[in-house]
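Take a look at the structure set out below.
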């Protein structure tokens, strides 16, 4: 709840790292309970372009913020970068 209000009031994309290096169920549960817009798990490779598209889609519908729940073991399998680096590189 506080992440949403902070992200909304400051028009930010907030990435929240959640413990569980190889246990994505922790991030999944926390992300669902917290209403995350995107949840990244170590067991499921992610595509940064899909995340950027989701954020842009939210913006086109009037949302000025996004919350992303990230399991600490999540990596882009193509670049081997952590999500924050990956998203920053893709969005500038």
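In this note's numbering, the protein residues as written are 1 to 92.
C-beta: ideal position from N, C-alpha, C; glycine also.
- From the DSSP output, read off the bridge partner residues of residue 56. Residue 56 pairs with nothing; no bridge assigned.
- Query: Taking just the CA atoms, how far does residue 76 sit from residue 85?
  - Reply: 10 Å
- Item | Alpha-carbon spacing of residue 60 relative to residue 22, whole angstroms | 34 Å
- Message: Check whether the stretch 22–35 and the stretch 49–57 touch, using three or more Cβ-Cβ pairs below 8 Å as the test.
- Response: no
- Message: Relative to the C-alpha of residue 74, which candidate in 11, 17, 5 and 13 has its C-alpha closest?
- Response: 17
- Message: For residue 7 and residue 70, what's the separation of their Cα atoms in angstroms?
- Response: 16 Å
- Query: Run through DSSP, which three-state label would residue 48 get?
  - Reply: helix
- For residue 64, which three-state DSSP category applies? coil
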